[in-house]
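All remarks here apply to the structure that follows.
Residue numbers (this note's numbering), protein chains in the order written: chain S, 1 to 218; chain P, 1 to 218; chain U, 1 to 218; chain B, 1 to 218.
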């Protein structure tokens with residue numbers, strides 16, 4: 001099972017109308033080369049799940065700017081003015097989710113949970129259309145799982161079986177998105193042999209990773 | 001803020017009727033010295049939350065054998081026959097919880113969630129007395145958070161600020177119990193200076209750890 | 001290294017081994033299921049998941065590491081490429097459908113895919129451990145058990161009488177006499193073990209079953 | 001190194017700094033709140049949590065690491081003893097009450113402890129990011145904002161008019177004129193900033209408030 005692929009091979013996973021998750025926080029921890037491959041694959045009507053829409057020219061931002069996204073589910077869109085513009089113009093749907101809730105929803109999607117109860121958003125517009133439950137005298141919103149067809153992740157290091165190690169604050173959404181998609185494709189800076197990463201230091205086990213793209217630049 | 005304590009100082013945290021969580025899977029990853037200190041403190045009517053009740057003479061087992069436990073919440077009690085005997089004799093209450101659900105309940109307790117929806121246990125005795133919700137056509141049980149007054153953890157290594165690293169399968173319930181108790185006391189094999197553990201390799205941040213006991217034997 | 005098959009447990013384990021595909025992530029219950037890897041052909045490598053927190057479970061290799069045990073609490077090894085994690089993550093893998101196959105023993109299984117294997121009222125209850133999560137979450141659930149109980153009564157029933165481990169969860173039942181697939185229309189006899197005739201199976205099976213059109217008779 | 005206080009933002013930041021206790025885990029919103037550490041006395045060290053995944057946030061130290069940014073996306077540093085984690089864990093800390101203090105800016109705050117700081121209908125909506133989780137989960141929520149809007153209208157209201165970030169979440173409101181505590185009975189004026197008289201505060205505050213018996217008048 002060779003998991004190593006080229007950018008061209010990565011492109012073959014993309015289809016119109018697909019749901020895609022991408023790791024990253026304002027572009028940090030986003031697999032920029034895989035995003036480029038997605039752009040070049042020219043697919044449209046993507047449902048994008050990401051913490052934020054980054055910037056005009058980096059992170060997942062170019063997907064928005066180039067009108068590839070039909071709907072985005074994110075906690076923050078302020079750093080990419082094109083997201084707000086398209087939302088107001090009715091060109092793209094935007095679902096804003098509190099960051100902790102977004103993380104929990106993706107985790108629930110990957111963990112086989114039917115949802116989680118969070119106090120976050122009670123008494124705000126976030127509760128609109130959601131079931132509200134009272135547990136032991138406190139109100140919670142029932143927030144439902146999120147999954148995607150493809151997850152595009154960024155790690156610092158992989159071994160050839162796909163065991164991943166992340167670096168610094170580039171970890172963010174990557175580890176739990178690895179469980180919440182049908183196909184998991186990861187961009188790494190460094191590839192090592194199986195056995196070179198101590199099993200205690202693996203942050204995402206290789207069984208969750210389908211394909212590995214090793215970036216050219218270091 | 002010196003977090004290092006002796007076993008005697010650890011004993012001062014224990015009180016009759018207290019709820020206590022302990023890490024470990026059949027004794028592996030259980031802080032045996034802290035359990036001994038708890039035994040010697042002679043407190044009674046403990047509510048114990050642990051994956052299992054280990055063995056007669058190891059793990060949390062001696063707490064059961066010595067009648068210190070009023071109620072145990074665990075996923076498995078089969079390896080310590082005294083647990084079953086006391087349960088049948090009506091000397092101790094036992095709440096059996098599926099292992100994945102027990103883990104999620106403790107996590108929810110530490111993460112500020114009001115509960116999680118799991119498909120585990122639907123259609124079994126586990127669903128008795130629980131709310132059952134249907135989300136997108138599938139049935140789930142609402143499982144509620146668990147917390148304790150004290151968590152007794154075992155790690156391989158700590159720095160003096162309480163950053164923890166676990167070793168091999170001794171990790172198990174320890175990392176998330178660190179969030180789910182008012183007081184977190186950890187037994188470690190090795191103590192290092194602050195800064196000696198790379199921030200990427202910390203498994204439990206020191207902000208969650210109140211006290212550190214460094215075991216004598218290695 | 002394929003072992004010779006001489007007793008019922010070996011017949012069962014050898015047949016279960018044929019269900020494994022190269023690269024499958026597999027969780028094996030304690031007892032009989034742990035014999036399955038002995039019967040895998042050389043070109044089929046599976047990755048064993050241990051519910052106490054790792055993938056890459058292997059035989060004990062060198063000295064005993066007290067921090068490394070399998071889900072039965074026995075000293076074990078980890079193979080190159082393995083990875084450790086905590087119990088929450090372990091059950092995210094299990095519940096979230098990231099385990100391809102689980103093999104468990106059974107006390108009873110029935111036409112609706114129900115499984116009972118965790119308690120007998122009136123006897124010591126060991127607890128469900130991770131079994132309820134495994135049968136709920138694994139993609140394929142194989143029950144590996146002897147066809148009849150010690151008193152000769154059928155363990156394959158129209159409807160389970162013992163408390164369930166999971167409702168409608170079983171995919172395949174493998175005994176020393178036969179292989180049944182659970183379908184929407186009930187049990188389908190897929191195979192007779194070598195030297196076993198249909199009459200014997202009919203006689204020893206309380207549950208009604210259909211016969212697969214692909215079943216070959218000598 | 002305590003800086004000299006010369007403008008409203010500095011007055012606010014300096015007063016907020018007095019709320020910090022040695023060892024507190026603190027999350028600071030972007031903008032004004034990030035100025036708070038400049039005013040901490042030498043014997044008060046706080047641990048800064050960054051919602052994108054670490055504790056131990058410090059100033060940029062040496063070269064820029066593209067993988068290390070703060071929650072505003074700016075290059076940052078990490079102090080010895082810090083630890084990185086993923087976004088799920090980051091919000092377990094936040095939602096689970098493991099952050100002692102959060103300091104956020106505000107558009108409006110009111111007598112019931114409601115806070116509005118994430119959107120103005122009709123304007124570009126940046127998204128709530130982690131703010132809703134922070135105000136829900138942090139043990140102490142401090143709103144640090146100028147007393148009046150640019151048009152001179154009070155930002156401290158009987159009831160917020162803008163969409164809420166959190167309902168009943170605020171503990172303390174610090175402006176360049178005064179400090180208010182939110183209580184069950186509404187706002188209590190705790191302090192006047194240096195050189196500010198009660199009449200000015202009354203005039204510039206739309207919300208009704210009580211005056212603390214401990215408030216000293218010159």
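We put the beta carbon where it would ideally sit given N, CA and C, even for glycine.
When the options are compared against residue i, the one with the closest alpha-carbon
{"i": "residue 147 of chain U", "options": "U:62, U:200, U:113", "result": "U:200"}
{"i": "residue 23 of chain S", "options": "S:125, S:45, S:188", "result": "S:188"}
{"i": "residue 71 of chain P", "options": "P:58, P:18, P:164", "result": "P:18"}
{"i": "residue 150 of chain U", "options": "U:166, U:107, U:134, U:116", "result": "U:107"}
{"i": "residue 209 of chain S", "options": "S:165, S:103, S:217, S:172", "result": "S:165"}
{"i": "residue 152 of chain B", "options": "B:179, B:125, B:203", "result": "B:203"}
{"i": "residue 156 of chain S", "options": "S:51, S:192, S:135", "result": "S:192"}
{"i": "residue 70 of chain B", "options": "B:196, B:189, B:29", "result": "B:29"}
{"i": "residue 216 of chain P", "options": "P:201, P:190, P:176, P:169", "result": "P:190"}
{"i": "residue 97 of chain U", "options": "U:198, U:35, U:169", "result": "U:169"}
{"i": "residue 42 of chain S", "options": "S:16, S:99, S:88, S:74", "result": "S:16"}
{"i": "residue 158 of chain P", "options": "P:134, P:199, P:183, P:144", "result": "P:199"}
{"i": "residue 212 of chain U", "options": "U:194, U:205, U:190", "result": "U:190"}
{"i": "residue 147 of chain S", "options": "S:160, S:140, S:113", "result": "S:113"}
{"i": "residue 144 of chain P", "options": "P:115, P:37, P:180", "result": "P:115"}
{"i": "residue 152 of chain S", "options": "S:7, S:1, S:20, S:76", "result": "S:20"}
{"i": "residue 68 of chain U", "options": "U:131, U:62, U:76", "result": "U:76"}
{"i": "residue 209 of chain B", "options": "B:187, B:194, B:198", "result": "B:187"}
{"i": "residue 32 of chain U", "options": "U:205, U:165, U:161, U:142", "result": "U:142"}
Chain B within 7 angstroms of residue i, Cβ atoms only
{"i": "residue 125 of chain S", "result": "yes"}
{"i": "residue 163 of chain P", "result": "yes"}
{"i": "residue 99 of chain S", "result": "yes"}
{"i": "residue 5 of chain P", "result": "no"}
Which of helix, strand or coil DSSP assigns to residue i
{"i": "residue 203 of chain S", "result": "coil"}
{"i": "residue 212 of chain S", "result": "strand"}
{"i": "residue 149 of chain B", "result": "coil"}
{"i": "residue 22 of chain U", "result": "coil"}
{"i": "residue 102 of chain U", "result": "strand"}
{"i": "residue 161 of chain U", "result": "coil"}
{"i": "residue 156 of chain P", "result": "strand"}
{"i": "residue 62 of chain B", "result": "coil"}
{"i": "residue 14 of chain S", "result": "coil"}
{"i": "residue 20 of chain P", "result": "strand"}
{"i": "residue 35 of chain P", "result": "helix"}
{"i": "residue 1 of chain U", "result": "Caution is warranted here: a pLDDT of 48 is assigned to residue 1 of chain U, below 50, making its placement in the model unreliable, and the coordinate value is therefore given only provisionally. Here residue 1 of chain U sits in coil by DSSP."}
{"i": "residue 133 of chain B", "result": "helix"}
{"i": "residue 174 of chain S", "result": "helix"}
{"i": "residue 74 of chain U", "result": "coil"}
{"i": "residue 166 of chain S", "result": "coil"}
{"i": "residue 193 of chain B", "result": "coil"}
{"i": "residue 41 of chain P", "result": "coil"}
is_contact[residue i, chain P] using C-beta, thresh 7 angstroms
{"i": "residue 92 of chain B", "result": "yes"}
{"i": "residue 133 of chain U", "result": "yes"}
{"i": "residue 202 of chain S", "result": "no"}
{"i": "residue 113 of chain S", "result": "yes"}
{"i": "residue 52 of chain U", "result": "yes"}
{"i": "residue 95 of chain B", "result": "yes"}
{"i": "residue 118 of chain S", "result": "yes"}
Test: residue i CB closer than 7 angstroms to a CB of chain U
{"i": "residue 210 of chain S", "result": "no"}
{"i": "residue 194 of chain P", "result": "no"}
{"i": "residue 179 of chain S", "result": "yes"}
Chain S within 7 angstroms of residue i, Cβ atoms only
{"i": "residue 41 of chain U", "result": "no"}
{"i": "residue 84 of chain B", "result": "yes"}
{"i": "residue 208 of chain U", "result": "no"}
Whole-angstrom C-beta distance between residue j and residue i, which should lie under 8 angstroms
{"i": "residue 207 of chain U", "j": "residue 158 of chain U", "result": "5 angstroms"}
{"i": "residue 4 of chain P", "j": "residue 186 of chain P", "result": "Contact flag wrong, Cβ pair sits at about 11 angstroms."}
{"i": "residue 91 of chain B", "j": "residue 42 of chain B", "result": "Going by Cβ atoms, the distance from residue 91 of chain B to residue 42 of chain B rounds to 32 angstroms, so no, they are not a contact pair."}
Cβ contact check for the stretch 75 to 85 of chain U and the stretch 111 to 128 of chain U: 3 or more pairs under 8 angstroms: no
Stretch pair the stretch 92 to 106 of chain S + the stretch 94 to 108 of chain P: three plus CB contacts closer than 8 angstroms: no
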